[in-house]
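Inspection log for the structure reproduced underneath, given as structure tokens.
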Amino acid sequence: MTDILVKTIANIKPLDTAAMAQAKARQDTLTKPAGSMGRLEALSVQIAGIQGKSLPQAKQKAVIVMAADHGVAAHGTSAYPQEVTAEMVLNFLHGGAAINVISRQVGARVVIVDMGVAAKLDANPGLISRRIAAGTQDMSRGPAMTAAQAKQALETGIEIVTMEIKKGLDIVATGDMGIGNTTASSAICAVMTGKSVTEVTGRGTGLDDKQLSNKIKIINEAIALNKPEAGKSMEVLAKVGGFEIGGLAGVILGAAASRVPVVIDGFISGAAALIAAGICPQAKDYMIAGHCSVEPGHKILLQHLGLKPLLDLEMRLGEGTGATLAMALAETSVRILGEMATFAEAGVAEKGE
């Protein structure tokens, strides 16, 4: 591992139990029956432990959307052509995508990063260019990337989230764009969870039965050829991953090292979470599962990580859409904790008085 990764991992500490105890104690004195806000109460306590504050904040929000292409897409594993990756990045920059709409609604800034889009993108003040290569190699013919490129992707994610934290950031969501990235995510999920490729592979952008069968075949070929080992997360990333997946894993690690909660989006972000947790298991405590997508592997990997999604809206878009919606719930949870009156403040009699 490089110095950046080693230092980042060393800075990922256990949650602050004192802050959590104080947050829980306050929750129990608010003007409501204890536990009546359900998972919102537990969420606020988790965020208190992450931030190390008994009254945490979630006002300053960002979604980091990382884009890259995948060489394996040449085998027809996606219903859309590779050109769509670059076209959607332009849509993000113009503010016309679903993630832009949702981010405007919840008050989150959108950070768009080119990790390795195949088509060359023109310079744009709204685009952060950290291009590693013009997409990964075809993982069914060899490793998707070199070990050096995998490290670069992780370090880039750490760099980007650190930059955003310096601007002011209470909570961050992960987002992705990349034609073919459910193929890479399925491969990662199968290897890391031990489930079969068939169990974890879905239709992505809308494959028919024949195309899905081909996708499963290609992923099996990639795993058989590259032989990634579940216990070697960086190797899994290099052999069957994607630049944006590595970048998002770096975002998760970098956020955890700075005590910033990370709301994980769908299947691709989930694959990144598997990589991050494999590199540093402690990072799981800093993760909040935003939603559960309809991709079958997403539910499997969330169970593997021990994460329970906040939302289940049958979404499968990516971009950070589910995570950004869930960020609003995270903000709601900490605002209830901090702004709701206690029984004493409101002059309301507690149970038994």
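In terms of our numbering, the sequence shown is residues -9 to 343. For every residue, glycine included, the Cβ atom is placed at its ideal position computed from N, Cα and C. Computed from a predicted model, the values in this text were never measured in an experiment.
Going by DSSP, what residue range makes up the beta strand (DSSP E) through residue i?
i, result
"Gly221", "Element bounds for Gly221: n/a, residue is neither H nor E."
"Gly165", "161 to 167"
"Lys157", "Segment 137 to 157 is the alpha helix (DSSP H) holding Lys157; no beta strand (DSSP E) there."
"Lys341", "Run containing Lys341: none; DSSP gives neither H nor E here."
"Ser119", "117 to 119"
Could you give the distance in angstroms between the alpha-carbon of residue i and the alpha-carbon of residue j?
i, j, result
"Ala261", "Gly308", "12 Å"
"Ile258", "Met224", "16 Å"
"Ala98", "Thr314", "8 Å"
"His294", "Gly268", "11 Å"
"Asn81", "Ile169", "15 Å"
"Gly192", "Asn171", "12 Å"
"Val91", "Thr311", "9 Å"
"Ala228", "Leu319", "34 Å"
Whose C-beta lies closer than 7 Å to the C-beta of residue i among residues of the same chain, with five residues either side of it excluded?
i, result
"Ile(-6)", "Glu145, Ile148"
"Val151", "Ile54, Val162, Val241, Gly244, Ala245"
"Ile155", "Ser248, Val250"
Compare the Cα-Cα distances from residue i to each of the options and report the closest residue.
i, options, result
"Ile208", "Ala174, Arg16, Ile161", "Ala174"
"Glu189", "Ala273, Lys289, Ala163, Ser248", "Lys289"
"Thr195", "His84, Ala266, Gly66", "Gly66"
"Pro218", "Val181, Arg16, Leu202, Asp160", "Val181"
"Ala15", "Ala0, Ala32, Ile(-1), Asn1", "Ala32"
"Ile254", "Ala212, Leu301, Gly86", "Leu301"
"Thr164", "Ala13, Gly337, Ile326, Ala57", "Ala57"
"Val96", "Pro271, Thr322, Val62", "Thr322"
"Ala52", "Ala137, Met153, Lys(-3), Lys110", "Met153"
So the alpha helix (DSSP H) residue i belongs to, where does it begin and stop?
i, result
"Gly106", "Segment 98 to 106 is the beta strand (DSSP E) holding Gly106; no alpha helix (DSSP H) there."
"Leu30", "29 to 41"
Counting only the same chain and skipping the five closest in sequence on each side, list residues whose C-beta sits under 8 Å from that of residue i.
i, result
"Gly132", "Leu215, Asn216"
By Cβ distance below 6 Å, which residues in the same chain neighbour residue i in space, the five residues on each side in sequence not counted?
i, result
"Asn210", "Val187"
"Ile37", "Pro46, Pro251, Val324"
"Arg29", "none"
"Gln344", "The displayed coordinates of the chain run from -9 to 343. Any statement about residue 344 would go beyond what the structure contains."
"Ile206", "Val187, Thr188, Thr191"
Using a C-beta cutoff of 8 Å, does residue i count as contacting chain B?
i, result
"Leu117", "The chain labelled as chain B is not found in the depicted structure, where only one protein chain is given."
Contact between the stretch 172 to 187 and the stretch 327 to 343: three or more CB pairs below 8 Å?
no
Validate contact between the stretch 111 to 126 and the stretch 233 to 249 using beta carbons, cut 8 Å, 3 pairs
yes
Touch check for the stretch 56 to 75 and the stretch 23 to 31: three-plus C-beta pairs under 8 Å?
no
Counting pairs of beta carbons, one from the stretch 35 to 43 and one from the stretch -3 to 8, are three or more of them closer than 8 Å?
yes
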